[in-house]
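Inspection log for the structure reproduced underneath, given as structure tokens.
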Amino acid sequence: MASDKKDIYMSRIRFGKSLKTILLTSCMLAIPMINTSYAETITYTDQADRVVTLEKIPERIATIATPAGSMVVAISGNADRLVGTSQNSKNALVEGVLNEFFPKLNDISSNIIGKNGDANIEELLNLETDLVLQWARNTKSIEAMEAAGLNVAGMLYKKIEIAKTWLTDIGIILRNSPKAEEILAWHDAAYKRITDKTKNIADADKPSVLYLLSEKRAAGPASHFQFFMDTAGAKNAMPTKAKFIDVDAEMVLKADPDIIWLFGFNMKMTPDKIYANPIFADLKAVQNHRVYKVPVGGDRWDPPNQEFALGWEWFTRTVHPDLLDGSIRQSIKTAFPMLYGKTPTDAQIDSMLRAEMNRDGLDYAKIIR
Numbered sequence: 003m004a005s006d007k008k009d010i011y012m013s014r015i016r017f018g019k020s021l022k023t024i025l026l027t028s029c030m031l032a033i034p035m036i037n038t039s040y041a042e043t044i045t046y047t048d049q050a051d052r053v054v055t056l057e058k059i060p061e062r063i064a065t066i067a068t069p070a071g072s073m074v075v076a077i078s079g080n081a082d083r084l085v086g087t088s089q090n091s092k093n094a095l096v097e098g099v100l101n102e103f104f105p106k107l108n109d110i111s112s113n114i115i116g117k118n119g120d121a122n123i124e125e126l127l128n129l130e131t132d133l134v135l136q137w138a139r140n141t142k143s144i145e146a147m148e149a150a151g152l153n154v155a156g157m158l159y160k161k162i163e164i165a166k167t168w169l170t171d172i173g174i175i176l177r178n179s180p181k182a183e184e185i186l187a188w189h190d191a192a193y194k195r196i197t198d199k200t201k202n203i204a205d206a207d208k209p210s211v212l213y214l215l216s217e218k219r220a221a222g223p224a225s226h227f228q229f230f231m232d233t234a235g236a237k238n239a240m241p242t243k244a245k246f247i248d249v250d251a252e253m254v255l256k257a258d259p260d261i262i263w264l265f266g267f268n269m270k271m272t273p274d275k276i277y278a279n280p281i282f283a284d285l286k287a288v289q290n291h292r293v294y295k296v297p298v299g300g301d302r303w304d305p306p307n308q309e310f311a312l313g314w315e316w317f318t319r320t321v322h323p324d325l326l327d328g329s330i331r332q333s334i335k336t337a338f339p340m341l342y343g344k345t346p347t348d349a350q351i352d353s354m355l356r357a358e359m360n361r362d363g364l365d366y367a368k369i370i371r
């Protein structure tokens with residue numbers, strides 16, 4: 003009998019302890035977990051040399067400065083924070099594959115810039131924007147937005163440096179500097195891998211490249227596009243010391259480039275139109291079918307952005323198809339999970355690399371294999 007009472011007593015103790023554990027666990031689960039990173043104030047000096055203070059990580063971001071929109075998506079790892087961007091930037095987001103990864107991008111506003119080029123403050127307020135990324139040079143626009151109660155961060159265009167400075171700042175803003183650092187470390191490694199192969203190419207062995215922004219405008223050596231040529235082991239067919247050069251048929255014929263790269267932003271300009279233009283018929287690039295449209299992945303590969311390293315590889319492969327090891331397809335399949343948490347299909351990679359548009363380009367099947 004005594005043994006039975008003891009067993010009952012011990013069972014009650016165990017039950018009491020179990021009940022206490024259950025109640026304690028339930029209470030803990032009922033207490034909301036606070037992400038202190040959201041509660042902490044963010045203060046940093048932007049690229050307009052202004053001190054920007056944000057009460058929390060912004061949840062509704064509009065990007066007037068290009069290509070900040072896709073950078074926000076990359077650093078965030080999703081499209082939830084991006085509510086508006088320029089029409090030009092939205093075109094890139096839906097022209098490539100980013101909208102397939104994140105369908106919300108199809109619905110973001112592209113009406114945040116007015117007809118006169120200024121910020122559409124009414125639209126930004128309607129979107130309940132808690133941060134606008136604006137060009138640092140547009141001081142009057144920044145002042146007007148701040149007067150309307152909007153938070154603004156200035157972004158300065160500094161040629162190729164914007165990949166580093168913009169990703170770094172967006173990492174600070176979103177409290178995800180490790181992601182920005184990871185992307186930039188990948189850039190550094192890719193640059194070394196490519197330039198280790200191209201830096202010793204003799205000048206006489208460097209093909210000449212004409213980077214056409216339109217049929218009447220080309221990129222000069224003072225533009226950031228020169229960096230692509232230098233990295234790829236090529237030289238500029240337009241030696242005039244300028245950022246951009248207004249060109250005519252005579253100038254293009256005189257330059258007679260080995261290769262023509264077509265600006266990704268200008269969708270009216272395609273390889274087949276260059277091949278069909280009788281003015282360009284005698285160019286080496288046309289006769290040898292070395293005219294290529296610049297790709298678009300999560301964003302276009304012309305401006306410095308998070309996909310910078312993939313652009314370098316593509317440019318290099320169009321100039322020296324047999325120089326680099328591996329394949330650009332594998333580079334994309336490795337990079338995209340890191341950038342966006344997504345792995346593109348082969349069909350999506352074909353779309354990014356404009357396989358159909360560039361199909362007549364010399365060695366293009368090899369270039370994008």
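All residue numbers for the sequence shown refer to this note's numbering, where the first residue is 3 and numbers rise by one. Where is the CB? At the ideal position from N, CA and C, for every residue including glycine.
Can you give me the C-alpha to C-alpha distance between residue i and residue j, rounded to a whole angstrom?
i: Pro-280; j: Ile-162; result: 35 Å
i: Asp-301; j: Ala-150; result: 31 Å
i: Asp-362; j: His-291; result: 7 Å
i: Ala-81; j: Asp-304; result: 22 Å
i: Thr-27; j: Glu-42; result: Note that Thr-27 scores a pLDDT of 36, beneath 50, so its modelled location is shaky and nothing firm can be said.
i: Asn-37; j: Ala-94; result: Residue placement at Asn-37 is flagged as unreliable, the pLDDT there being 38, under the threshold of 50; a coordinate-derived value is accordingly withheld.
i: Gln-308; j: Val-296; result: 16 Å
i: Ile-334; j: Val-298; result: 12 Å
i: Ser-78; j: Ile-369; result: 31 Å
i: Ser-179; j: His-189; result: 15 Å
i: Met-73; j: Lys-160; result: 16 Å
i: Lys-208; j: Glu-358; result: 27 Å
i: Thr-336; j: Leu-158; result: 30 Å
i: Tyr-366; j: Lys-117; result: 40 Å
i: Gln-289; j: Phe-103; result: 39 Å
i: Gln-136; j: Pro-69; result: 11 Å
i: Trp-263; j: Gly-119; result: 28 Å
Helix, strand or coil for residue i? Go by DSSP, reduced to three states.
i: Asp-248; result: strand
i: Val-75; result: helix
i: Val-237; result: A small correction: the amino acid at residue 237 is Lys; Val does not occupy that position in the sequence shown. Of the three classes helix, strand and coil, the one that applies to Lys-237 here is strand, per DSSP.
i: Gly-313; result: helix
i: Asp-365; result: coil
i: Leu-135; result: strand
i: Val-96; result: helix
i: Tyr-277; result: helix
i: Ile-164; result: helix
i: Arg-319; result: helix
i: Thr-200; result: helix
i: Ala-67; result: coil
i: Met-253; result: helix
i: Met-271; result: coil
i: Met-30; result: Because the pLDDT of Met-30 is 34, which lies under 50, any placement of that residue in the model is unreliable, and the question is left without a value.
i: Thr-242; result: coil
i: Ile-261; result: strand
i: Met-231; result: helix
i: Ile-59; result: coil
i: Arg-331; result: helix
i: Tyr-193; result: helix
i: Met-157; result: strand
Cβ atoms of residue j and residue i: under 7 Å apart, would you say?
i: Lys-237; j: Ser-210; result: yes
i: Pro-2; j: Ala-287; result: Since the first residue shown for the chain is 3 and the last is 371, residue 2 is missing from the structure and cannot be characterised.
i: Asp-126; j: Ala-67; result: A quick correction: the sequence has Leu, not Asp, at residue 126. The answer is no: Cβ separation not under 7 Å.
i: Ala-138; j: Gly-156; result: yes
i: Thr-87; j: Gly-71; result: yes
i: Ala-234; j: Ala-257; result: no
i: Ile-110; j: Val-85; result: yes
i: Pro-60; j: Ile-164; result: no
i: Tyr-46; j: Ile-185; result: no
i: Ala-311; j: Ala-192; result: yes
i: Arg-356; j: Ser-329; result: no
i: Asp-132; j: Arg-62; result: yes
i: Asp-250; j: Arg-219; result: no
Relative to the alpha-carbon of residue i, which residue among the options has its alpha-carbon at the smallest distance?
i: Thr-200; options: Asp-232, Trp-188, Thr-170 and Arg-302; result: Asp-232
i: Phe-227; options: Phe-317, Arg-361 and Asp-248; result: Phe-317
i: Leu-56; options: Lys-368, Leu-152 and Lys-106; result: Leu-152
i: Leu-129; options: Ser-112, Asp-120 and Asn-140; result: Ser-112
i: Glu-217; options: Phe-282, Ala-349 and Asp-190; result: Phe-282
i: Met-267; options: Asn-90, Ile-44 and Asp-284; result: Per the sequence presented here, residue 267 reads as Phe, with Met not at that position. Comparing Cα positions, the closest option is Asn-90.
i: Lys-194; options: Glu-315, Arg-62 and Ile-164; result: Glu-315
i: Phe-265; options: Asp-284, Tyr-213, Gln-289 and Asp-250; result: Tyr-213
i: Pro-339; options: Gly-313, Ala-278 and Val-75; result: Val-75
i: Ala-187; options: Ile-44, Glu-102, Arg-177 and Leu-169; result: Leu-169
i: Leu-255; options: Ala-224, Ile-276 and Met-271; result: Ile-276
i: Arg-177; options: Ile-262, Lys-58 and Leu-135; result: Lys-58
i: Leu-325; options: Pro-105, Ile-261 and Asp-198; result: Asp-198
Using only the heavy atoms of the ligand MG, determine whether one of them is closer than 6 Å to the beta carbon of residue i.
i: Asn-360; result: Questions concerning the ligand MG fall outside what the structure shown contains, since it holds no ligand whatsoever.
Worksheet item: Is the number of C-beta pairs between the segment 141-159 and the segment 39-53 that are closer than 8 Å three or more?
Response: yes
Discussion item. Any contact between the segment 343-353 and the segment 191-206? By contact I mean 3 or more CB pairs, one from each, below 8 Å.
Written reply: no
Practice prompt. Evaluate contact between the segment 111-130 and the segment 313-328, counting only Cβ atoms and requiring at least three cross-stretch pairs below 8 Å.
Written response: no
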